[in-house]
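J.:
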Amino acid sequence: MKLRDYYPYFEDFHEDIKSLAKNVSQELEKRAREADEKGSEEIMRENLKMLAELGFLGINVPEQYGGQGLDERSVVLSLEEISRGCAATAFSLGGHYLAVDSILIGGDEALKQKFLPRLAKDSVGAFALTEPNAGSDAASIVTRAEKKNGYYVLRGEKHFITNGSIADVFVVFAKTSPEKGARGITAFVVERGTPGLLIGKKEEKLGVRASPTNQVFLDNVEVPAENVIGKVDEGFKIAMQALTRGRIGMAAQAIGISRLALQLAINYAENRMQFGQPIINQQAIQFMLSDMLTMLRASEELTYKAAWLADRKADVTLEAAVAKLFATEAAKLIVDKSMQIHGGIGYTRDQVIERLYRDVRILTIAEGTSEIQRLVIFRNIKKALD
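Mapping of the sequence shown onto the numbering used here: residues 3 to 388, in sequence order.
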């Protein structure tokens, strides 16, 4: 059955995007285990290069800037399929999209002309917002930017930055008017190689291990004024808008992992013999699989609709939060049930489900924890009932 026959949110061309992403996902899958075991930046660079050659780095970049000019639904389908092959690669790709979206949302024409063609072709982006004491409370960042002689001088440090050690272009958020709190944050584009931009240690993570996560230090980094994204002191709004789109993408990654976990569980249950028959004949297993599919279908509906609304230029703050909260929490449950069906063998490194069990955990933390999503939902709860 075609995608658009099942969901009304898609057009014929989305089938082509999904098919292409599925093909590249199968290629990524061949080295996913090696990439995970080694935490390999080299493999990640190669994976992102492959995606760049196929147009995925610039899938949502307008054609006049060298991209594919496609929509949020195309981003969702791409991340979903790529997650099935290699969750770490999808995670890095999602980090790249955050940087691209920031420039698309707030950048003036000159800034778009300067950076989007590179990001659409072969440059990797990073979104540098989080700090040691500013995670969920992004407004409390302490990185400073002071204007001097036509430049902004940035001082501070960022933590848990996806793609930190492989990025070519960093979107960095710093306070230009500290006394204004969230209303005093500005977004900047900082290029790799800029003096004072230092990449710190690579974090050793539980999952998505091949996607590098780094400290980033800003030691008197001089950034030209033309590299400001949008207006001075309006960077927090840009960050929140980019994260809203990113949350839809995170939900899509959860769908990809969930779908793979369910398929693995079905395959194993059909072949695992106990008491003289496949365990899929046991009602307990059937109920677990049924619950998994129900959660998957609900995740798809919420995520696809959020992407469709985003493409219609609607305010999707609420829909993105709902989709991310449900899909990522559901993915944890689906993967856990798949692990349970696999039994002891699923707990070994030889099984894909073991890697998924580790990979899926980040999804309820990154780009706004589940608790933050609940806060966003509550703040918009009256709107939902209008």
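Even for Gly, the Cβ is constructed at its ideal location relative to N, Cα and C.
Does DSSP put residue 359 in a helix, in a strand, or in coil?
T.: helix
J.: What is the rounded straight-line gap between the Cα of residue 254 and the Cα of residue 339?
T.: Straight-line Cα distance between these residues: approximately 20 Å.
J.: Could you check which residue in 61, 76, 13 has the C-alpha nearest to that of residue 70?
T.: 61
J.: Tell me whether residue 283 is buried or exposed, calling it buried when 16 or more other Cβ atoms sit within 10 Å of its Cβ.
T.: exposed
J.: Alpha carbon to alpha carbon, how far is residue 386 from residue 324?
T.: 11 Å
J.: Can you check whether the CB of residue 281 is closer than 7 Å to the CB of residue 271?
T.: For residue 271 and residue 281, yes; Cβs fall inside 7 Å.
J.: Less than 7 Å between the beta carbons of residue 27 and residue 86, yes or no?
T.: yes
J.: Ignoring anything shorter than 4 residues or poking outside the region 281 to 359, list the alpha helix (DSSP H) runs there in chain order.
T.: 285 to 313, 319 to 344
J.: Determine the contact status of residue 45 and residue 33, defining contact as a CB-CB distance below 7 Å.
T.: yes
J.: Return the first residue and the last residue of the alpha helix (DSSP H) that residue 189 is part of.
T.: Note, residue 189: premise wrong, no alpha helix (DSSP H); beta strand (DSSP E) at 187 to 193.
J.: Let me check understanding here. Comparing Cα to Cα, which of 147, 169, 264 lies closest to residue 124?
T.: 169
J.: Select from 64, 320, 250, 343 the residue whose C-alpha is nearest the C-alpha of residue 383.
T.: 320
J.: Could you tell me if residue 21 is buried or exposed, where buried requires 16 or more neighbouring beta carbons within 10 angstroms of its beta carbon?
T.: exposed
J.: May I ask which residues mark the beginning and end of the beta strand (DSSP E) holding residue 157?
T.: 153 to 164
J.: Would you identify the three-state DSSP class for residue 133, choosing helix, strand or coil?
T.: strand
J.: Where does residue 370 fall in DSSP's three states?
T.: coil
J.: Which residue wins for smallest C-alpha separation from residue 39, given the options 285, 115, 191, 90?
T.: Of the candidates 285, 115, 191, 90, the residue whose Cα lies closest to the Cα of residue 39 is 90.
J.: On the three-state DSSP scale, how would you describe residue 25?
T.: helix
J.: What's the C-alpha gap between residue 204 and residue 5?
T.: 39 Å
J.: Buried or exposed for residue 377, please, with buried defined as at least 16 other CB atoms from any protein chain shown within 10 angstroms of its CB.
T.: exposed
J.: For residue 84, report the span of its alpha helix (DSSP H) as first-last.
T.: 74 to 87
J.: Where do the ends of the alpha helix (DSSP H) carrying residue 238 lie?
T.: 237 to 273
J.: Can you tell me which residues form a DSSP beta bridge with residue 70?
T.: According to DSSP, which records beta bridges pairwise, residue 70 is partnered with nothing at all.
J.: Alpha carbons only, please: which of 157, 132, 213 is nearest the one belonging to residue 197?
T.: 157
J.: Buried or exposed: where does residue 227 fall if 16 or more other Cβ atoms within 10 Å of its Cβ makes it buried?
T.: exposed
J.: Once the 5 residues before and after residue 120 are set aside, which same chain residues still bring their CB inside 8 Å of it?
T.: Within the same chain, residue 120 has close Cβ partners 170, 171.
J.: My understanding is that residue 241 touches residue 189, with C-beta atoms under 8 Å, so please give their C-beta distance in whole angstroms.
T.: 7 Å
J.: Where does residue 47 fall in DSSP's three states?
T.: helix
J.: Rounded to whole angstroms, what's the CA-CA distance from residue 245 to residue 93? Just pull it up for me.
T.: 14 Å
J.: Assign residue 8 to buried or exposed, taking buried as 16 or more other Cβ atoms, counted over all protein chains shown, within 10 Å of its Cβ.
T.: exposed
J.: Among the candidates 298, 200, 328, 95, whose CA atom is the shortest distance from the CA of residue 210?
T.: 95
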